[in-house]
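A.B. asks: In order, the protein sequences belong to chains H and X. Sequential numbering of the first sequence, starting at 1212, is according to the numbering used here. Sequential numbering of the second sequence, starting at 241, is according to the numbering used here. Below: one structure in C-alpha cells.
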Amino acid sequence: MALPASDSFTDANGTVLTSHGTNWSNNRGSLVIQSNAVKGNVLNDDTAARWTADTPSNDQVAQITISAIASSSYIGVAVRLDSGGASTYYGYYASSNNRYFFKFVSTTYTDLQSPAGAGASLNDVLSLEVSGTTITPKRNGVLDSAFTPQTDSAIASGLFGVCAWTNTTTSGDNFVGNNLGGAASIAFLRRFRSFNGLIVR
Amino acid sequence: MKRIVMSLVVLLALLSFAPSLVQVKAQDAMATRFYIVPYVTVGYQRAPLHFGGRAFDPDPELTGVRWTQNDYGLINVGLIMATVDASQVTYLNTLPDILVVPANLDNVIGANITAVKAGLDSFEIPSVSITASDTYRGALREINGTFAFMQRLTRITGVNPFDLNIRLQTTYSQLPQLRKNALQQTASELGYSTAGITGASTLQDILVSIGNQNNRKPFVMGNVTI
C-alpha cells in the first residue's frame, strides 16, 4: 500500500486488531476494536501493534485521535516498532489523568522523561515523530508541553503503529502513519474522513 | 513640584517592573542539575531511583520534579537532567547512592578526580579517559558517547551484558560470537571504526576507543546542549 497509511478501525466490536484486515501484527499483547475505534485488549498491561502493509523510512510519524477517554486507561502511538514482533519501540500515550513518553527495548519499559502528571482530553490528537535519534511527542499538532524532544540511540529502524495500556475505556481512532515530512498529508486525511470511516484520498 | 512629579514617575516605573522582577526571582529558584542515578526495575518497568516514574512514585521530596534521562542502555544506570528547587538540590546532595554533578559544568574536576572515578567505577561506567584536567562538561560528553553506544548495543542484544556476567574487564576474545557480532554491528551503525580491537581488548578498551572517536561531541538533553 502507499503511504500515508491510515485506519479508522471500522469493524465489529471485539474484533482483535490482527483480524481487522491484514495490515496489523502484534508486538506486545493485543489490541481490539470497540465502537469503531482501537483500544488495549489486556488488563493492566502494555500492548502494541505495528502496521505491516507499508515499509516507512526510519524517520517516521504516527498519529491517532482519542475517541474515548478515562482515568488510568491509555491509548497512543508508537514508532520504530520492531519489524520482527519484539517489544521494542518508542511510545507515547495518554489517559484522562496522565501522559507517558517512553521506550520499550526487549520488553523493558523505560520512561524517557518524567510523566506529564496531567491527562489528555477527548478528541486530542496524539502524534509521535522520530528523526534520526530525536523523538518528539506532539499533542494537537504542537510539542506536548509536558515534554521536550528526546535524544536516544537505542532503536534505529522499524514500523509505526499503536500502543495502549489496559483494556478499559480509552480508545483511539483515525490512525495515520507516514514518513516524516508527510504531516501535511496527515492533516489532509483528517479533514476528509467520511462518515462510514473510510478515508478519502 | 517638578521633583515630586519625577519621583512619582520613577516610583510608577519601578512598580510596573515589580511583577517581572518577582517572576525572575521565582524562576531563578529553579535549577537544572545533573545526576547519575541507578535504575530500579519493577516488573517490566524501570525508572530512576528517587526520581520515580511509571514503575514507582518518586521520593516525597521530589514529587513533581521534571526530568529527562539518558540511560546506559539496558544497564540500570542513567544520566538524569532535573529541574529542581533549592530544597530539592539539598535533598539530592544527601543521597548516598547517586552521583551529583556540580552545578557549573565548566568547572575543572581537579582534586575531585579520585571521587569522580570511584563514582563512575561503582556504576561500571568507564572512567579511564577522564582526567583531573577535564571539565564536568567534558566528562558528561564522554559518558554520553558511552551511553549512546550501549543503548544501541543492548537494543541489538536484548540484554544487560552485566546480567550475562560480561564485565568491563571481559576481553573481546572471551565474548560469545553473538556478542562480538553485536559490537561490530553497533559500531558500524553508529559510524565508529573497530579497526583497533584485538582479542585482548577489554570491553572498557572498546568503549574508550568509541569515546575517543566520538571526540566528546556536544549532546542535547531536554532543551539543553551539553
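Note that beta-carbon positions come from the ideal geometry of N, C-alpha and C, so glycine has one too. Being a predicted model, the structure only gives us computed values, none of them experimental.
#1: Confirm the yes/no value for this check: CB of residue 1375(H), any heavy atom of the ligand MG, distance under 7 Å.
#2: Among 1275(H), 1281(H), 1226(H), 1294(H), which residue has its Cα nearest to the Cα of residue 1303(H)?
#3: Buried or exposed for residue 1239(H), please, with buried defined as at least 16 other CB atoms from any protein chain shown within 10 angstroms of its CB.
#4: Please classify residue 341(X) as buried or exposed, where buried requires at least 16 neighbouring CB atoms within 10 angstroms.
#5: Specify, as a first and last residue, the run of the alpha helix (DSSP H) that residue 457(X) falls within.
#6: Check this for me: beta carbons of residue 1262(H) and residue 1297(H), under 8 Å apart or not?
#7: Please name the residue, chosen from 352(X), 318(X), 338(X), that lies closest to residue 376(X) on a Cα-to-Cα basis.
#8: With a cut-off of 8 Å, does the C-beta of residue 1292(H) fall near any C-beta of chain X?
#9: Measuring straight from C-alpha to C-alpha, what distance separates residue 1286(H) and residue 1369(H)?
#10: Determine the direct distance from the alpha carbon of residue 441(X) to that of residue 397(X), and round the result to whole angstroms.
#11: For residue 344(X), which beta-bridge partners are listed by DSSP?
#12: Work out the CA separation of residue 1324(H) and residue 1413(H) for me, nearest whole Å.
#13: Please work out which residues of its chain come closer than 7 Å, Cβ to Cβ, to residue 1293(H), disregarding the five sequence neighbours upstream and downstream, and give them in chain order.
#14: Using alpha carbons as the reference points, say which of 1306(H), 1355(H), 1248(H), 1358(H) lies closest to residue 1331(H).
#15: In the DSSP assignment, find the unbroken beta strand (DSSP E) run with residue 389(X) in it and report its ends.
#16: Could you tell me if residue 263(X) is buried or exposed, where buried requires 16 or more neighbouring beta carbons within 10 angstroms of its beta carbon?
#17: For residue 418(X), count neighbouring Cβ atoms within 10 angstroms of its own Cβ and tell me buried if that reaches 16, exposed if not.
#18: Whose Cβ in chain X lies nearer than 9 Å to the Cβ of residue 1295(H)?
#19: At least one CB of chain X closer than 8 Å to the CB of residue 1218(H): is that the case?
#20: Determine, for residue 1213(H), whether the minimum Cβ-Cβ distance to residues of chain X falls below 8 Å.
#21: Could you name the residues of chain H that residue 463(X) contacts, counting a contact when the two beta carbons are closer than 9 Å?
#22: Could you check whether the region 298-307 of chain X touches the region 324-334 of chain X, counting it as contact only if at least three pairs of C-beta atoms, one from each stretch, sit closer than 8 Å?
#23: Between the region 443-453 of chain X and the region 1345-1352 of chain H, are three or more C-beta pairs nearer than 8 Å?
#24: Rounding to the nearest angstrom, what Cα-Cα distance links residue 1383(H) and residue 383(X) in this structure?
#25: Could you confirm whether any beta carbon from chain X is found closer than 8 Å to the beta carbon of residue 1288(H)?
#26: Please report whether the beta-carbon of residue 1303(H) lies at a distance below 8 Å from any beta-carbon of chain X.
#27: Should residue 306(X) be flagged as near chain H, meaning a C-beta pair shorter than 8 Å?
#28: Taking DSSP as the reference, what is the three-state secondary structure of residue 1430(H)?
#29: Go ahead and pull the three-state DSSP assignment for residue 274(X).
C.D. replies: Answer, in terms of the structure:
#1: Looking for the ligand MG in the displayed structure turns up nothing, as the structure carries no ligands at all.
#2: Indexing the first sequence from 1 puts residue 1303(H) at position 92. When each option's Cα is compared against that of residue 1303(H), the closest is 1275(H).
#3: The residue you call residue 1239(H) lines up with position 28 of the first sequence. So residue 1239(H) ends up on the buried side.
#4: Taking the first residue of the second sequence as 1, we reach residue 341(X) at position 101. Classification for residue 341(X): buried.
#5: Within the second sequence, residue 457(X) is the residue found at index 217, counting from 1. That residue, residue 457(X), is in no alpha helix (DSSP H); it is neither H nor E in DSSP.
#6: Counted from its first residue, the first sequence places residue 1262(H) at position 51. Counted from its first residue, the first sequence places residue 1297(H) at position 86. Their beta carbons are not under 8 Å apart, which means residue 1262(H) does not touch residue 1297(H) by this criterion.
#7: Taking the second sequence and counting its residues from 1, one reaches residue 376(X) at position 136. The candidate whose alpha carbon is nearest that of residue 376(X) is 352(X).
#8: Taking the first residue of the first sequence as 1, we reach residue 1292(H) at position 81. No, no contact with chain X.
#9: Within the first sequence, the letter at position 75 stands for residue 1286(H). Within the first sequence, the letter at position 158 stands for residue 1369(H). Computed Cα separation, rounded: 20 Å.
#10: For this step, residue 397(X) is matched to residue 157 along the second sequence. For this step, residue 441(X) is matched to residue 201 along the second sequence. Distance between the alpha carbons of residue 397(X) and residue 441(X) is about 20 Å.
#11: Here residue 344(X) is taken as the residue at index 104 of the second sequence, counted from 1. Answer by DSSP bridge pairing: none, since residue 344(X) is not bridged.
#12: Residue 1413(H) is absent from the structure shown; chain H starts at 1212 and stops at 1412.
#13: In the first sequence, the residue the question calls residue 1293(H) occupies position 82. Closer than 7 Å at Cβ, skipping near neighbours: 1238, 1299, 1300, 1369.
#14: Numbered from its first residue, the first sequence carries residue 1331(H) at position 120. The shortest Cα separation from residue 1331(H) among 1306(H), 1355(H), 1248(H), 1358(H) belongs to 1306(H).
#15: Residue mapping note: residue 389(X) aligns to position 149 of the second sequence, counting from 1. Run containing residue 389(X): none in the beta strand (DSSP E); it sits in the alpha helix (DSSP H), 376-397.
#16: For the purposes of this step, residue 263(X) is identified with residue 23 of the second sequence, where counting begins at 1. Any reading at residue 263(X) must be qualified, since the residue scores a pLDDT of 43, below 50, and its modelled position is unreliable; no value is offered.
#17: Within the second sequence, residue 418(X) is the residue found at index 178, counting from 1. So residue 418(X) counts as exposed.
#18: The residue labelled residue 1295(H) in the question sits at position 84 within the first sequence. Result: empty, since nearest Cβ-Cβ is about 11 Å, beyond 9 Å.
#19: Stepping through the first sequence from its first residue, residue 1218(H) is reached at position 7. With 8 Å as the cut-off, residue 1218(H) does not count as an interface residue toward chain X.
#20: As a first step, residue 1213(H) must be located in the first sequence, where it is residue number 2. Cβ-Cβ to chain X under 8 Å: no for residue 1213(H).
#21: Taking the second sequence and counting its residues from 1, the one referred to as residue 463(X) is at position 223. The contacting residues are 1359, 1360.
#22: yes
#23: no
#24: Position 172 of the first sequence, counted from the start, is the residue given in the question as residue 1383(H). Position 143 of the second sequence, counted from the start, is the residue given in the question as residue 383(X). Looking at the two C-alpha atoms, the distance is approximately 39 Å.
#25: Here residue 1288(H) is taken as the residue at index 77 of the first sequence, counted from 1. By this cut-off, residue 1288(H) is not an interface position.
#26: Start at 1 with the first residue of the first sequence, and residue 1303(H) comes out as number 92. Judged by the 8 Å Cβ criterion, residue 1303(H) is not in contact with chain X.
#27: Counting from 1 along the second sequence, the entry for residue 306(X) is found at position 66. With 8 Å as the cut-off, residue 306(X) counts as an interface residue toward chain H.
#28: Residue numbering for chain H in the displayed model covers 1212 to 1412; residue 1430(H) lies beyond these limits and cannot be assessed.
#29: Position 34 of the second sequence, counted from the first residue, corresponds to residue 274(X). Reduced to three states, the DSSP call for residue 274(X) is strand.
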